[in-house]
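Input: a single structure, listed below in structure tokens.
Protein chains: 2
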Amino acid sequence: MKVEELLARQGAWLSPKKFDGTIISSRLRLARNIRGVAFPGWAGARESASLCEEIRNTISSVQALRDAEFLHTGDLDGLDKLVLHERQLLSPELMERDNGSGVFITPDQRIVLMINEEDHIRLQVISPGMDLMKGWEMISSIDDELEEVLEYAFSPELGYLTACPTNVGTGLRASVMMHLPGMHLMKEIDPMIRGLNKMGYAVRGISGEGSEAFGNMFQISNQMTLGYSEESIIQSLTIIVDEVKNHENNARDQLMDDKQEYIRDYVGRSMGVLLHAHLLSSKEALDLLSAFRLGLEIGMLSGIQIPQIDELMLLTQAGHLQKIEGKVLSPDHRDRARARVIRERLKDALMY
Amino acid sequence: MKVEELLARQGAWLSPKKFDGTIISSRLRLARNIRGVAFPGWAGARESASLCEEIRNTISSVQALRDAEFLHTGDLDGLDKLVLHERQLLSPELMERDNGSGVFITPDQRIVLMINEEDHIRLQVISPGMDLMKGWEMISSIDDELEEVLEYAFSPELGYLTACPTNVGTGLRASVMMHLPGMHLMKEIDPMIRGLNKMGYAVRGISGEGSEAFGNMFQISNQMTLGYSEESIIQSLTIIVDEVKNHENNARDQLMDDKQEYIRDYVGRSMGVLLHAHLLSSKEALDLLSAFRLGLEIGMLSGIQIPQIDELMLLTQAGHLQKIEGKVLSPDHRDRARARVIRERLKDALMY
């Protein structure tokens, strides 16, 4: 099964080669639509199905997608969809759809092209660490290739036309996933979110739109695309991310200076629970793994590599867990399996 | 210093020879007063001081107290008093007093005689495990010896006269300290306390009168002494304790049958926090040690003996902790020292 093959490979954005303590991954997404065809939300089932096939056939020759796997949404069961969603390879919108939509995924899982999501085309590039500029070069050149074979809906005044007005213009959303346990412990998260919202940035949890922040992971992204150039969107977000990163580092310094024993306790008891609990909810696991990751970053813990923690954060999600176990599990059984997987993977952890 | 010598010895009621999973210790206490002398609460300072000396000199020849150490309350600093209180060798009432009162303590710490507490004499015998009948024989024979040299305030109608009406009659309070984590987990503690209160029994926490229940430790004792013989007080309490013990065992059986993973999780994460926390409050430490003790009792944990846990429950109390560290510590520093002592002592713990 194709999804199993994907699962067996680690996404490039979890690659240990590029690693930053605070910045997990950078993501760029373009929304595009085909001229003269109704947006997916308005199109009938038959119209959507034929457009999906047409786009699929047209772009399968595009250089960047040559080795990509295409998955029909209608061929995926709920668990497949959940797993892909947990890897950021399938949006919540596309999880709800079945026939007439689908997704291209490259073997390294960095490039994703969804057909008939909210827009006809959603193109996404994810990179490990802070890499918006290179990501932008990559997504932009794929977009150019696509534009050679597809006729985009484009207005000289407005730019690219999209189903939702917030995407009109560049159709670009740039986002960066950050790990901010220091700011969490210093109670600086809420003020940070309020401040960024006022400046036109969205801050979301690990699972995308509207999701609660689990594991101190936050996605910061631009809200508006109309009236800004792609480069200015990326430059502004880069500055914002840099600022948040400084805040996080300051918070950690302050904690290490004034509350070292408190941090040691926070890291230690999180490790203790991870190593010895037999029931762990998804939220608790992510929160504890976040503390564990902080422990590794500041050198209080060893024996485990940070990418192993990032992988565990993914593997202990409901979908991945059930894929690993090879069966559908009730929430209770998931909590048990999650605790077991974590105990096994962290058993070599050491604390100073 | 005498208190240090006491600390160096383990009290007999922590002796590993006698051990019951549920019943920690049995305690008997007699309240007695000297005929024709004002109760301590009414007596002046000089009167109290001279009575204290008189009683002390008179009874130091009594066989059972021959090797006992006598400590003047006025010679004890706050920390000494706290340590003695944590060992159940000094009552809260006597902690408040200074001159004109004191306490005899035998080397094995089983027999305690307090002078000028609420009553002129408070005699106490503690035994490890369930041992009320033998304890009664012991305290009764000491009481007989005392009665040969002291003239007790006694009324043929009422029995022994005491400062507080609840002690008039036999002057006997019998109490049993029980460890009830199963009933706690099954939420059966509050109904049990309400039921026992209605039947005339008091249920208190680990540190005596009015104290909150820490570490799932509960002292069950008779409330009334007037109108009952000593033997019937002890027999009734024995029946009650037996019933509570059955309840606790049933609760554990039910948990092991229906919620084994939940217990495993409760025991496991408690062990995890004990082994890795760096800040532990007194209440949290006792609650976690209670879970750890349950783990040992039901065979989920090994590598540590139950008496070691009971000892830790004592050693991590504020007074003992400061004695071990050799200095007065702020609450923050106590939390740190407590976590360190526990980490060191439990490091060989194993979970299946």
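Taken in sequence, the protein lines are chains A and B. Our numbering applies: residue 158 is where the first sequence begins, and numbers increase by one. Our numbering applies: residue 158 is where the second sequence begins, and numbers increase by one. The C-beta atom is built at its ideal place from N, Cα and C for all residues, glycine as well.
For the region 404-423 of chain B, enumerate the residues whose C-beta is nearer than 8 Å to any C-beta of chain A, in chain order. E418, Y419, R421 and D422
Can you pull the chain B residues whose beta carbon is under 7 Å from the beta carbon of A434/A, in chain order? D422, G425, R426 and G429
Between S427/B and A188/A, what straight-line distance do the alpha-carbon atoms span, to the nearest angstrom? Between S427/B and A188/A, the C-alpha separation is close to 50 Å.
Counting only beta-carbon separations shorter than 9 Å, does A496/B have a partner in chain A? At least one beta carbon of chain A lies nearer than 9 Å to the beta carbon of A496/B.
Of the residues H229/B, S217/B, L185/B and V219/B, which one's Cα is nearest the Cα of S205/B? H229/B
Mind listing the chain A neighbours of R493/B? Cutoff is C-beta to C-beta under 7 Å, in chain order. E418
Under a CB-based cut-off of 9 Å, is M508/B close to chain A? A Cβ of chain A is located within less than 9 Å of the beta carbon of M508/B.
Local conformation of A188/B per DSSP, three classes: In the structure shown, A188/B falls within a strand segment according to DSSP collapsed to helix, strand and coil.
Relative to the C-alpha of I278/B, which candidate in Q266/B, P264/B, S248/B and G292/B has its C-alpha closest? S248/B
Three or more C-beta pairs under 8 Å: does that hold for the region 232-243 of chain B against the region 471-481 of chain B? yes
Could you pull the DSSP bridge partners for A359/A from this structure? Beta-bridge pairing links A359/A to S378/A.
Uninterrupted alpha helix (DSSP H) stretches inside the region 217-261 of chain A (no shorter than 4 residues): If we require 4 residues or more, the alpha helix (DSSP H) runs fully inside the region 217-261 of chain A come out as 235-243 and 249-252.
Beta-carbon spacing of E314/A, V219/A below 9 Å: no
For K174/B, which three-state DSSP category applies? Since pLDDT at K174/B reaches only 49, below the 50 mark, its modelled position is unreliable, and the value read off the structure follows with that caveat. Shown here, K174/B sits in coil according to DSSP, grouped into three states, outside any helix or strand.
Span separating the alpha-carbon of M334/A from that of S183/A: Looking at the two C-alpha atoms, the distance is approximately 6 Å.
Express the C-alpha separation of Q245/B and S297/B in angstroms, rounding to a whole number. Between the C-alpha atoms of S297/B and Q245/B there is a straight-line separation of about 20 Å.
Which stretch, first to last residue, makes up the alpha helix (DSSP H) that contains P285/A? Taken as a continuous stretch (DSSP letters only), P285/A belongs to no alpha helix (DSSP H), being part of the beta strand (DSSP E) at I278 to P285.
Around the Cβ of L353/A, are there at least 16 other Cβ atoms within 10 angstroms (buried) or fewer (exposed)? buried
Member of E468/A, P488/A, M287/A and Q465/A whose CA lies at the smallest distance from the CA of Q475/A: Strictly speaking, residue 475/A in this sequence is Ala, with Gln absent from that position. Ranking the options by Cα distance to A475/A, first place goes to P488/A.
When the Cα atoms are used, what is the spatial distance from K484/A to L236/A? 10 Å
Excluding the 5 residues preceding and the 5 following K174/B in the sequence, name in chain order all residues of the same chain whose CB lies nearer than 6 Å to its CB. Model confidence at K174/B stands at a pLDDT of 49, short of 50, so the residue's coordinates are unreliable; what they give is reported in the following sentence. Excluding positions up to five away in sequence, the list is empty.
Integer-rounded CB distance, given that A320/B should sit under 8 Å from L378/B: A small fix is needed here, since residue 378/B is Ser in this sequence, not Leu. Contact between S378/B and A320/B is ruled out by a C-beta separation of about 18 Å, above the 8 Å threshold.
At least one CB of chain B closer than 9 Å to the CB of K175/A: is that the case? Low confidence applies to K175/A: its pLDDT is 48, below 50, so where it sits in the model is not reliable, and the reading given next is rough at best. Output row for K175/A: interface = no.
Pick from A370/B, V360/B and E308/B: whose alpha carbon is nearest that of E211/B? E308/B
Short Cβ contact (9 Å threshold) for N190/B with L318/B: yes
Do you know offhand how far E345/A's Cα is from I346/B's? 40 Å
In chain order, what are the residue ranges of uninterrupted alpha helix (DSSP H) at least 4 long that sit wholly in the region 287-344 of chain B? Under the rule that a run must span 4 or more residues, the alpha helix (DSSP H) segments found entirely inside the region 287-344 of chain B read 289-306 and 338-342.
Check the C-beta distance from M343/A over to V401/A and give it rounded, since I have them as a contact under 8 Å. That pair is no contact at about 13 Å.
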